[in-house]
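**Q** As numbered in full-length UniProt numbering, residues 1 to 381 make up the sequence shown, in order.
C-beta: ideal position from N, C-alpha, C; glycine also.
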Amino acid sequence: MNKRCQSLARILKSVSRSFSSSSSSTSASATSSQFPRTLAGLRERLAAESPSLSDFVDLQSSDSYSVEVGTKKKPLPKPKWMKESVPGGEKYVQIKKKLRELKLHTVCEEAKCPNLGECWSGGETGTATATIMILGDTCTRGCRFCNVKTSRTPPPPDPNEPTNVAEAIASWGLDYVVITSVDRDDLPDQGSGHFAETVQKLKVLKPNMLIEALVPDFRGDSGCVEKVARSGLDVFAHNIETVEELQGAVRDHRANFKQSLDVLVMAKEFSPSGTLTKTSIMLGCGETPDQVVQTMEKVRAAGVDVMTFGQYMRPSKRHMPVSEYITPEAFEKYQNLGMKMGFRYVASGPMVRSSYKAGEFYIKSMIESDRAASNSQPTQL
């Protein structure tokens, strides 16, 4: 508890110093619609907008920030907000049957996503969504939180997969789809060509379908990033997974915070105007609130448009344990702060995942609104 309070105190002091900065030094660019690309610029922008410190006041109590997980000798039940719904419904059954027929993999199943039932059945929006995983179901990396199976030498990719996946997705009549993949460090191009081909073939069949590509880091290779960023996607997503300080304890040793940020920066540079960039982190891995805020600052300074926060849930006993369950109130505070930092959209909640249905619905509306505004502008002669 003392550690938590000390951590929160550091946040309050840091943010207080930032908010007390003189607004007279604020440049025109910091108050324009173009968000700052440096930490100094971001802090200057926050100071100018003067969000309230009350965003953090409620977090001073450890009870309002998180609850204990328990131990093997003294187990505790999951908090009520972590209860999962049982998958079901006509659309859920149809999607599952279609996936089996086409031998397609979804990250929803491989990662044991808690929202599988809601997304596949259509949820409140009525549009069923599945996140398709390409390049096989075996990853070359072994992150401590992930339930996808691993191997140094997974089977070669199916050359017909881009066509099969595109035709399958097109037949579902979806408006928004997420395509992701395992890491393929064994391939010369890290699988980027296969990924780009899948997006391109789907766009040919469904030009108006919005496509989010949730990609690996491609080892930071700019050529691989450019290939996917220019493939015709609408959202380029790559997850940093956790705060900078815990990268080595949570992710595979070939992944790191700087490399992931570089990928997101390159994606913004390579992709056509209007393409959104997106990332996600898990909470409950042992991070402190100030580490989360510092990570948010760096992600925003990298020009990322959308960020999501969710509770880490241990897939099995051989995976990294959960350190604590973050409360819905704390998730809401991070969402509020993220919007004040300048993110276009922030999805934050215990059951939120990077490919969360509600987030996709909002992003779809945001993209359509941007395009409508762009089309209404007079053409420059």
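1. Report the rounded CA-to-CA distance for K227 versus V199, giving the unit in angstroms.
2. Can you tell which of E197, Q247, Q335 has its C-alpha closest to the C-alpha of I211?
3. Along the chain, which unbroken stretches of the beta strand (DSSP E) at least 3 residues long are found entirely within the region 151-204?
4. Measuring CB to CB, does P79 end up less than 7 Å from V67?
5. Considering only the alpha carbon of each residue, which of L174, M320, V250, Q311 lies closest to M209?
6. In the DSSP output, which residue or residues are listed as bridge partners for residue 385?
7. Along the beta strand (DSSP E) that carries L214, what are the first and last residues, could you check?
8. When the Cβ atoms of the region 261-275 are set against those of the region 326-333, are three or more pairs found closer than 8 Å?
9. Consult DSSP for V235 and reduce its assignment to one of helix, strand or coil.
10. Once DSSP output is grouped into helix, strand and coil, what is the label at T327?
11. So is K206 buried or exposed if we call it buried at 16+ other beta carbons inside 10 Å?
12. Using CA coordinates, which residue listed in G338, D183, Q377, N147 is at the minimum distance from P156?
13. Does the region 270-287 come within contact of the region 163-170, defined as at least 3 CB pairs closer than 8 Å?
14. Over the uninterrupted beta strand (DSSP E) stretch that includes V346, give me the two end residues.
15. Suppose you measure from the CA of E368 to the CA of V177; what does that come to, to the nearest Å?
16. Taking three-plus beta-carbon pairs below 8 Å as touching, is the region 148-162 in contact with the region 343-352?
17. Is it the case that the Cβ atoms of T242 and M282 are separated by a distance below 7 Å?
18. With 16 as the cutoff for other CB atoms within 10 Å, does L337 come out buried or exposed?
19. So, is Q287 buried or exposed, given that buried needs 16 or more other C-beta atoms within 10 angstroms?
20. Return helix, strand or coil for K149, following the three-state DSSP convention.
21. How far does the beta strand (DSSP E) with T131 in it reach, from first residue to last?
22. Can you tell me where the alpha helix (DSSP H) with P289 in it begins and where it stops?
23. Does DSSP put G70 in a helix, a strand or coil?
24. Cβ of D185 within 7 Å of Cβ of T153?
25. What three-state label does DSSP hand L337 in the structure shown?
26. Pick helix, strand or coil for L76, following the three-state DSSP scheme.
27. State the start and end residues of the unbroken alpha helix (DSSP H) segment that holds L261.
**A** Quick answer:
1. Position 227 of the sequence shown holds residue 227. Position 199 of the sequence shown holds residue 199. Rounded to the nearest angstrom, the two C-alpha atoms are 11 Å apart.
2. The residue labelled residue 211 in the question sits at position 211 within the sequence shown. Cα-wise, what sits closest to I211 is E197.
3. Uninterrupted beta strand (DSSP E) stretches at least 3 residues long and entirely within the region 151-204 occur at 176-181, given in chain order.
4. Within the sequence shown, numbered from 1, the residue matching residue 79 stands at position 79. Within the sequence shown, numbered from 1, the residue matching residue 67 stands at position 67. Using a Cβ distance threshold of 7 Å, P79 and V67 count as a contacting pair.
5. For this step, residue 209 is matched to residue 209 along the sequence shown. The candidate whose alpha carbon is nearest that of M209 is L174.
6. The requested residue 385 does not occur in the structure, where the chain is confined to residues 1 to 381.
7. Along the sequence shown, read from residue 1 onward, the residue named residue 214 stands at position 214. Run containing L214: 210-214, per the beta strand (DSSP E) assignment.
8. They do not touch, by the three-pair rule.
9. The residue given as residue 235 occupies position 235 in the sequence shown. Note: V235 maps to strand in three-state DSSP.
10. Taking the sequence shown and counting its residues from 1, one reaches residue 327 at position 327. Under the three-state reduction of DSSP, T327 is assigned to coil, being neither helix nor strand.
11. Taking the sequence shown and counting its residues from 1, one reaches residue 206 at position 206. K206 is buried by the Cβ-count criterion.
12. Looking up residue 156 in the sequence shown gives position 156. Nearest to P156 by C-alpha distance, out of G338, D183, Q377, N147, is D183.
13. As far as the Cβ criterion goes, the region 270-287 does not touch the region 163-170, which means the pair count is below three.
14. By 1-based counting over the sequence shown, the position of residue 346 is 346. Per DSSP, V346 belongs to the beta strand (DSSP E) from 345-348.
15. Reading the sequence shown from its first residue, position 368 is the one you call residue 368. Reading the sequence shown from its first residue, position 177 is the one you call residue 177. Counting only the Cα atoms, V177 lies some 15 Å from E368.
16. Here the region 148-162 makes no contact with the region 343-352; the two share fewer than three CB pairs at distances below 8 Å.
17. In the sequence shown, the residue the question calls residue 242 occupies position 242. In the sequence shown, the residue the question calls residue 282 occupies position 282. Taking a C-beta distance under 7 Å as the contact criterion, T242 and M282 qualify as a contact pair.
18. Taking the sequence shown and counting its residues from 1, one reaches residue 337 at position 337. With 16 or more neighbouring CB atoms inside 10 Å of its own CB, L337 falls in the buried class.
19. For this step, residue 287 is matched to residue 287 along the sequence shown. At residue 287 the sequence reads Glu, which differs from the Gln that was named. In this structure E287 is buried. Its beta-carbon is surrounded by 16 or more other beta-carbon atoms within 10 angstroms.
20. As a working mapping, residue 149 is identified with position 149 in the sequence shown. K149 falls in the strand class under three-state DSSP.
21. Locating residue 131 in the sequence shown gives position 131, counting from the first residue. Note, T131: beta strand (DSSP E), 131-134.
22. Position 289 of the sequence shown, counted from the start, is the residue given in the question as residue 289. Its alpha helix (DSSP H) spans residues 289-301.
23. Numbered from its first residue, the sequence shown carries residue 70 at position 70. G70 falls in the strand class under three-state DSSP.
24. Locating residue 185 in the sequence shown gives position 185, counting from the first residue. Locating residue 153 in the sequence shown gives position 153, counting from the first residue. Cβ distance not < 7 Å, so D185 and T153 don't count as in contact.
25. Numbered from 1 along the sequence shown, position 337 holds the residue referred to as residue 337. Reduced to three states, the DSSP call for L337 is helix.
26. As a position in the sequence shown, residue 76 is number 76, starting the count at 1. L76 falls in the coil class under three-state DSSP.
27. Your numbering for residue 261 matches position 261 in the sequence shown. Start and end: 257-270.
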